[in-house]
Amino acid sequence: MRKLIKITIFTIVFMALVCALTICVSAKNYVVDYENVLSSSQENFLENKLSSLSEKYQCDMVFLTTESFNGKTAQHYAENYYDNNGYGYDSDGTGVIYVLSTEQREYYICTTGKANKIFKGNRMDYLESSILTCLQNDDFDGSAYAYANKATEILESYEAGIDTETLKTGIIISVIAGAIIGLIVVLVLRAKMNNAKPQKTAGHYIRNGSFNLTVCRDMYLYSTTRRVARPKSNSSGGSRGGGRSHGGRGGRF
Amino acid sequence: MSNTLLEYKCPCCSGAINFDSEAQKLVCPYCNTEFDIEAITDFNEAEQDGANQEEPTWEEYTTESGSGDWQSGEELNVYTCSSCAGEIVADDTTSATLCPYCGSPVLLTGRLTGAFRPDYVIPFSISREEAMKSFNDFMKGKLLLPKDFKTKHTTAKLEGIYVPFWLYDCDTDSSLRYRATTVRRWSDSNYTYTKTSHFLLTRAGSLGFDKVPADASTKMDDIYMQAIEPYDYSKMIGFEMPYLTGFMAEKYDVDPTSASIVANERIKASTLGEFAKTTAGYATVTPQSANIKILNGKTGYALLPVWMINTTYNNETYTFAMNGQTGKFVGRLPISTKKCFGWFGIIAGAIAGIGAIISLLASLL
Chain A
1198 MRKLIKITIF
1208 TIVFMALVCA
1218 LTICVSAKNY
1228 VVDYENVLSS
1238 SQENFLENKL
1248 SSLSEKYQCD
1258 MVFLTTESFN
1268 GKTAQHYAEN
1278 YYDNNGYGYD
1288 SDGTGVIYVL
1298 STEQREYYIC
1308 TTGKANKIFK
1318 GNRMDYLESS
1328 ILTCLQNDDF
1338 DGSAYAYANK
1348 ATEILESYEA
1358 GIDTETLKTG
1368 IIISVIAGAI
1378 IGLIVVLVLR
1388 AKMNNAKPQK
1398 TAGHYIRNGS
1408 FNLTVCRDMY
1418 LYSTTRRVAR
1428 PKSNSSGGSR
1438 GGGRSHGGRG
1448 GRF
Chain B
2 MSNTLLEYKC
12 PCCSGAINFD
22 SEAQKLVCPY
32 CNTEFDIEAI
42 TDFNEAEQDG
52 ANQEEPTWEE
62 YTTESGSGDW
72 QSGEELNVYT
82 CSSCAGEIVA
92 DDTTSATLCP
102 YCGSPVLLTG
112 RLTGAFRPDY
122 VIPFSISREE
132 AMKSFNDFMK
142 GKLLLPKDFK
152 TKHTTAKLEG
162 IYVPFWLYDC
172 DTDSSLRYRA
182 TTVRRWSDSN
192 YTYTKTSHFL
202 LTRAGSLGFD
212 KVPADASTKM
222 DDIYMQAIEP
232 YDYSKMIGFE
242 MPYLTGFMAE
252 KYDVDPTSAS
262 IVANERIKAS
272 TLGEFAKTTA
282 GYATVTPQSA
292 NIKILNGKTG
302 YALLPVWMIN
312 TTYNNETYTF
322 AMNGQTGKFV
332 GRLPISTKKC
342 FGWFGIIAGA
352 IAGIGAIISL
362 LASLL
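Pasting the structure below:
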């Protein structure tokens, strides 16, 4: 009997341990804040938001702050961290990690798998510019919220099958272009209604062959040279490793 | 050897540079720009030149300089409109019944006295029917013309009128200066460089003009008379009375000196244009000074053929003029505001619609 109880207890403890271990392994942290830019309430809020977003769209959305990149580039650090900490949905490891170092004033947004396609071009510009605006104002927690909010918008519009940003910009440009072209056409049509225009010159009455240029001198006076520093371009690129392909963008602020 | 000290203006910042005659190069104390001595002196001469402007002089027009007095048998009748005071002349065989300016039928007749005899005339080569056809053609394809204009406008009598013009011959002697720049850009790994070189261009020369016309009648709109130019002077002949038969003629009421103001401006503008063509090859060219002298100015007097159409629509008069020699037709037609908005709406809407469809296709994922 005691043996039975022992076996039962052992089994229960073993099962509990297995369960706990499974939960530990499967529970991903969507907010990893080594630099403590977020308060604990902010961290909880973002953790919930990013985790539900990840689950809903099957695309891990991770936010990581770190003091240093351990001698690697921001891009390598982000890719390694993402690959080595069990992130990513499906076999291609779909997801995004936004790595920020306030110490080094550098950031990187790394995309993996299907996220490479979702977060690119205009949509990546939109996400990056929102984050960068906050970073340039030293609003680091704001940049995390911007990351979560803009990523939600992008994933929603991608799910709906329409890139709302492109559509919105396209319609605004079309309306403005239509108004400008319409105005030009009407002005041209109006001009055609009145062809009684004064003659400002007497070109028709120049005596043939009478133009005689007696002095034609071009004298050098001085010169000025202006020097402008060339802008340093932000990094952007993709890499492939361990069956996953990464894309992304980052830079200093 | 004593040094002469002269003060010059810096071409770059307009600051004062004290000029030591022994020095070979100059540096502006304000903007640190380096100059050759020759560049500084030439530049400052140009500054002075700009102020010297001479008034053009035209030889006085008299019966001696022109075609002389009227000959016997060349008497003309003058018709004065009692409504608008417009004056027209016609020979004995042509009787004016309506004022060509206001359409009034009350005309007072008298004999022409005290006016110059024209030197030249260009006969009409466009017929009344061709003039009317040109008016109808002019209205074709005008998308903003009010729908009812063609039916509602009342065409006043179409009149062929010989309009008096003063014709000016002259030579010009000009000296001009321009500031010009060339720009060169290059870059290395860290910087982009822009080098702007400044130059002073000097041009001088002569240019001749023949028979620049200026409307000698206040009744005729100067703009319309300029718009129907040019006339083909190769068909211009000495004035003879028979050319007036069947047509009205305007009596000149602007003297040659007053009318020359417009001709002077046009001659100067054309001279500037001809010299500007010699300054090609620079990134920017800015005229700095221009001294244009009008020399050997001679005036002639000609009657040139014009078809005039006056029409009324919604209580407003619309005037059209046609060159009676070349057929060039000018005028102002009424504009329908409704049609302006309509076309704007159609074009803006169509482009916005097409753009929206393209945007939608481009945004599909």
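Protein chains in written order, with this note's numbering: chain A, 1198 to 1450; chain B, 2 to 366. From the three backbone atoms N, C-alpha and C, an ideal C-beta is built for every residue, glycine too. A quick note: this is a predicted structure, and the numbers were derived from the prediction, not measured.
Assuming residue i and residue j form a contact by the criterion Cβ under 8 Å, report the distance between their Cβ atoms to the nearest whole angstrom.
i               : j               : result
C1162 (chain A) : V1293 (chain A) : One cannot answer for residue 1162 (chain A) here, as it falls past the ends of chain A, which runs 1198 to 1450.
K1311 (chain A) : T1291 (chain A) : 4 Å
G325 (chain B)  : I127 (chain B)  : 5 Å
C1307 (chain A) : G1445 (chain A) : 4 Å
I1351 (chain A) : L1324 (chain A) : 6 Å
D170 (chain B)  : K212 (chain B)  : 6 Å
Under a three-way DSSP split, which group does residue i fall into?
i               : result
A217 (chain B)  : coil
I1373 (chain A) : helix
Q289 (chain B)  : strand
G1358 (chain A) : coil
I1220 (chain A) : Only weak support exists for where I1220 (chain A) lies, its pLDDT of 43 falling under 50; the value from the coordinates is given anyway. Helix, per DSSP.
G165 (chain B)  : Correcting the residue type first, residue 165 (chain B) is Pro in the shown sequence and not Gly. In the structure shown, P165 (chain B) sits in a strand (DSSP, three-state: E or B).
C82 (chain B)   : strand
K10 (chain B)   : strand
T246 (chain B)  : coil
D254 (chain B)  : coil
S271 (chain B)  : helix
D1338 (chain A) : helix
I123 (chain B)  : coil
Y194 (chain B)  : strand
Can a CB atom of chain B be found closer than 8 Å to the CB of residue i?
i               : result
S1453 (chain A) : Residue 1453 (chain A) is absent from the structure shown; chain A starts at 1198 and stops at 1450.
L1324 (chain A) : no
F1351 (chain A) : The question names Phe, yet the displayed sequence has Ile at residue 1351 (chain A). Not closer than 8 Å to any Cβ of chain B, the Cβ of I1351 (chain A) fails to qualify, so no.
C1462 (chain A) : The question about residue 1462 (chain A) has no answer here: the residues shown for chain A are numbered 1198 through 1450.
N1313 (chain A) : no
R1387 (chain A) : yes
I1220 (chain A) : With a pLDDT of 43 at I1220 (chain A), under the threshold of 50, the predicted position of this residue should be treated as unreliable, though the coordinate-derived value follows. No, because no Cβ of chain B sits closer than 8 Å to the Cβ of I1220 (chain A).
V1229 (chain A) : no
A1348 (chain A) : no
D1415 (chain A) : yes
R1423 (chain A) : yes
N1392 (chain A) : yes
R1441 (chain A) : no
F1316 (chain A) : no
K1397 (chain A) : yes
R1449 (chain A) : no
V1296 (chain A) : no
D1360 (chain A) : yes
G1400 (chain A) : yes
Looking at chain A, is there any beta carbon in it that lies within less than 8 Å of the beta carbon of residue i?
i              : result
S364 (chain B) : yes
V213 (chain B) : yes
V331 (chain B) : yes
I18 (chain B)  : no
G350 (chain B) : yes
E46 (chain B)  : no
S207 (chain B) : yes
W344 (chain B) : yes
G328 (chain B) : no
E8 (chain B)   : no
F36 (chain B)  : yes
Y384 (chain B) : There is simply no residue 384 (chain B) to check, as chain B begins at 2 and stops at 366 in what is shown.
Can you tell me where the beta strand (DSSP E) holding residue i begins and where it ends?
i               : result
Y1295 (chain A) : G1292 to S1298
K236 (chain B)  : Here K236 (chain B) belongs to no beta strand (DSSP E), and DSSP marks it neither H nor E.
D1289 (chain A) : Looking at the DSSP string, D1289 (chain A) is not in any beta strand (DSSP E), and its letter there is neither H nor E.
T1308 (chain A) : E1303 to T1309
G1447 (chain A) : R1441 to R1449
Residue range of the alpha helix (DSSP H) that residue i falls in?
i               : result
K134 (chain B)  : R129 to M140
D223 (chain B)  : D223 to A228
Y1419 (chain A) : Here Y1419 (chain A) belongs to no alpha helix (DSSP H); instead the beta strand (DSSP E) covers N1409 to A1426.
F150 (chain B)  : F150 to K153
E60 (chain B)   : Run containing E60 (chain B): none; DSSP gives neither H nor E here.
A1312 (chain A) : A1312 to I1315
S66 (chain B)   : Element bounds for S66 (chain B): n/a, residue is neither H nor E.
D1322 (chain A) : G1318 to Q1333
Answer yes or no: does any C-beta atom of chain C fall closer than 8 Å to that of residue i?
i               : result
G1444 (chain A) : Checking the listed chains, one finds no chain C in this structure; the protein chains it contains are A and B.
Go through the stretch 1224-1284 of chain A residue by residue and report every complete run of the beta strand (DSSP E) that reaches 3 residues or more, in order. 1228-1230 and 1257-1262
Give the list of continuous alpha helix (DSSP H) stretches no shorter than 4 residues that lie fully inside the stretch 278-366 of chain B. 338-364
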